[in-house]
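Written out below as structure tokens is the structure these notes cover.
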Amino acid sequence: MTVPSLASSLSDSVTASAARLGMADLAPQLRRSAHADFQADGVLAAARTLRRNPRQVAAEVVAGLPDDGLVASAVVAGPGFVNLDLTDRALLAQLIRRLGDDRLGVGTPETGVTTVIDYSQPNIAKEMHVGHLRSTIIGDALVRILEHLGGTVVRRNHIGDWGTQFGMLIQYQVEHPEPAPDDTGTMGRLATLYRLARAEFDTDSAFADRARRRVVALQAGDAGTVAAWRNIVAESTRYFTDVYDRLGVRLTDADTVGESAYNAALPAIADELERRGVAVTSDGALCVFFDDLRGPDGEPSPLIVRKRDGGFGYAATDLAALRQRVAELHADRLLYVVDARQARHFRMVFDTARRAGWLPATVPAVHVAFGTVLGPDGRPFKTRAGDTVRLVDLLTEAVDRAREVVAAKNPGLTGAALDERAWQVGIGAVKYADLATNRTRDYLYDPQRMLALAGNTGVYLQYAHARVRSILARADGGHTTVDVTATLEPAERALILDLDAFADTLAEVVAGHEPHRLCGYLYRLAQTFTTFYEHSPVLRATGPQRANRLALCHLTGDTLRTGLHLLGIPTPDHL
RNA sequence: GCGCCCGUAGCUCAGCGGAUAGAGCAGGGGACUUCUAAUCCCAAGGCCGCAGGUUCGAAUCCUGCCGGGCGCGCCA
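Residue numbers for the first sequence follow this note's numbering, beginning at 17 and rising by one.
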């Protein structure tokens with residue numbers, strides 16, 4: 017069941033009042049205010065188009081507000097703001113409505129919408145690093161939110177399991193036989209192999225040629241080469257699965273459809289683009305050109321579908337994947353959670369797909385771009401050795417640091433229970449730190465900040481949630497009946513108003529594919545709850561006040577738990 | 001050269017046209033016989049990169065500069 021927010025009900029009231037005055041298309045522009053519960057600023061804009069005195073128009077709108085028990089006071093302020101305070105009864109009635117729905121009244125607006133979302137995308141035989149963390153965490157949060165809103169979500173982990181680097185890896189293995197892949201679930205052996213093979217590839221052109229021939233053998237299906245490839249992919253996949261488990265991300269083998277899966281479809285992609293006149297041959301390569309995309313020489317720069325040597329690059333693969341997602345997976349929306357550096361690539365891919373007729377105008381395709389991870393020097397992050405930070409090392413350190421703090425605060429907690437709590441806190445901290453900032457910004461890698469356990473962090477939210485649970489546990493459960501005739505204190509009003517904004521916030525998050533807005537919302541909610549916690553004792557209260565405060569705790573706890581769950585952050589009952 | 005993203009407190013970031021620009025961290029001062037002090041309170045800290053423009057109103061929209069990051073033909 018969808019429970020309209022107080023803000024939207026109020027907005028409707030203002031719209032209705034304005035309509036009766038002949039202002040049919042007034043947008044109330046309702047927002048929270050320091051001067052009242054809400055302020056409506058839209059009257060100002062409307063008055064201008066009417067060429068009337070804004071304060072006068074505002075006064076008329078105020079006078080025409082329906083008398084439905086929602087508004088306690090409506091006054092005109094400043095140049096023509098309408099300040100609106102709600103009645104305590106309306107706030108408490110709204111509390112009842114949200115509590116009465118097991119999904120907090122957010123409804124299922126995504127029902128019937130299929131989203132195919134592409135995220136994580138690690139590369140075979142390469143370590144996962146902080147950049148993969150961003151894609152994985154943002155993607156996971158969007159999946160959880162869309163599913164919570166009733167949507168059908170198809171996850172696609174488009175792993176890099178095909179391409180030139182495999183010729184390099186396999187050829188190196190052939191020339192430098194090593195023990196068979198171990199089964200320890202670490203990337204160590206493959207990472208070493210990659211580094212050695214890359215070094216030889218870059219310095220020995222004869223080896224590079226042999227590696228390229230090996231690619232041809234792989235693509236032609238040579239049995240021995242394919243077997244070697246399968247081994248490498250399997251070893252990497254075990255490692256990725258281990259990392260996803262440690263992250264608490266629900267990506268499985270079923271969601272993993274790598275670049276190789278589209279191999280057979282590539283020739284048809286090229287043929288069709290050529291036949292339709294979308295792609296043309298240039299310098300021997302099959303290319304799609306775009307009028308407004310040019311290179312340094314001023315010439316149009318292409319999307320290369322098929323290379324001069326007849327091979328296919330990732331443009332062809334992405335096009336094949338896109339077509340399959342629309343035609344066979346019936347996507348109503350395509351999301352790609354990928355580094356912002358790929359912006360031009362995706363623009364070209366989407367544009368090409370539109371021209372080819374594979375991407376109908378009704379299906380939005382969005383590059384959910386995130387900024388580059390930068391080091392302390394403001395340059396793309398590399399360690400002194402030239403490597404990026406291994407994701408597993410970051411996670412290990414996060415959990416280790418959390419374990420120290422958890423153990424210090426909970427001397428009785430040991431063994432598996434301690435490990436569990438440390439994991440919940442440490443992973444929560446990392447995820448929150450990653451999700452809390454606007455994804456489009458470049459991202460400064462700062463372990464001090466990511467692993468912090470005080471201030472605006474995941475722990476703050478977990479802590480607020482645990483405090484709620486503690487109160488509820490001591491309250492002896494039971495059904496609490498809200499008394500709508502009670503008088504609310506400021507901290508209680510503020511809490512209800514924040515709680516009521518949950519559903520609207522989720523809608524914003526989906527509209528902009530911006531999980532950081534949910535972080536910001538939950539942090540404000542936790543702050544508001546903490547203020548309430550400091551000012552309004554629950555268990556020492558009596559009668560209707562106690563019941564109402566318990567109800568507030570119930571809804572706060574459920575909202576924090578649901579919201580954190582949607583971000584993939586665990587919510588232990590005790591901290 | 002062209003294009004995309006970014007520029008807000010010492011640091012890291014919120015703020016998607018509204019009233020006095022907000023958090024956290026760092027640094028200063030306070031609060032645990034009271035539902036969890038992983039918390040809270042107080043003080044301090046700002047030419048919102050610069051300059052124009054639109055508007056009753058601009059950190060927010062537009063234009064131009066300046067600075068940083070990234071991208072632009074056979075890697076992905």
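Just so you know, even glycine gets a beta-carbon here, dropped at the ideal spot from N, CA and C.
Bridge partners of N99 according to DSSP: Q55 and V91.
Counting along the chain, the unbroken beta strand (DSSP E) around I320 starts and ends at P316 to R322. In this structure, G147 sits away from I133, with a CB-CB distance that is not shorter than 8 Å. Spatial neighbours of D313 in its own chain (CB-CB distance under 6 Å, excluding positions within 5 residues in sequence) are not present. The beta carbons of A347 and R339 sit no closer together than 8 Å.
The Cβ atoms of G431 and A414 lie no closer than 8 Å to each other. With respect to the 8 Å criterion, A23 and D520 are classified as neighbours on the basis of their beta carbons.
The shortest C-alpha to C-alpha distance from V159 to any of L541, H590 and G584 is the one to G584.
Leaving aside the five residues that flank R533 on each side, the residues in its chain whose CB is nearer than 8 Å to its CB run, in chain order, T521, E524 and V525. Here the alpha carbon of D589 sits roughly 54 Å from the alpha carbon of L309. Less than 8 Å divides the Cβ of Y135 from the Cβ of V353. In terms of Cβ geometry, I186 and A244 form a close pair [threshold 8 Å]. Counting only residues of its own chain and dropping the five nearest sequence neighbours on each side, L115 has a CB closer than 7 Å to the CB of A567, H570 and L571.
In the structure shown, the three-state DSSP call for V498 is coil. Here Y448 carries a helix assignment [DSSP, helix/strand/coil].
Taking all protein chains in view, the Cβ of H529 is crowded by 16 or more other Cβ atoms within 10 Å, so the residue is classified as buried. With a cutoff of 8 Å on beta-carbon distance, L289 and A372 are scored as near each other.
Counting along the chain, the unbroken alpha helix (DSSP H) around Y210 starts and ends at G204 to T219. Taking a contact to require three or more Cβ pairs closer than 8 Å, the region 120-130 and the region 485-504 do not qualify as touching. Here R105 is actually not in contact with L513; their C-beta atoms are around 14 Å apart, not less than 8 Å.
If you draw a straight line from the Cα of V296 to the Cα of G327, it is about 16 Å long. Just so you know, the alpha carbons of T180 and A286 end up roughly 19 Å apart. DSSP lists D134 and H383 as the bridge partner or partners of Y352. Cβ-Cβ distances below 6 Å link A502 to P560 and N564 in the same chain, with the five nearest sequence neighbours on each side left out; the list follows chain order. Taken atom to atom, the span from the alpha-carbon of V169 to that of D269 is near 16 Å. In the three-state scheme derived from DSSP, where H, G and I count as helix and E and B as strand, H570 is classed as helix. In the three-state reduction of the DSSP assignment, V169 falls in the strand class, which pools E and B. Each residue's CA atom was taken as its position, placing V19 and V384 some 29 Å apart. Relative to the Cα of L60, the nearest Cα in the group F54, L42 and M144 belongs to L42. By the criterion of at least three beta-carbon pairs nearer than 8 Å, the region 467-483 is in contact with the region 533-552. A470 counts as exposed, since fewer than 16 other beta carbons sit within 10 angstroms of its beta carbon. Boundaries of the beta strand (DSSP E) harbouring S298: V296 to S298, taken from the DSSP string.
In this structure, DSSP gives F305 an extended state, which the three-state scheme calls strand.
According to the DSSP assignment, R150 belongs to the alpha helix (DSSP H) that extends over V146 to H164.
In the structure shown, the three-state DSSP call for P193 is coil.
Taking C-alpha positions only, A445 is separated from V249 by approximately 31 Å.
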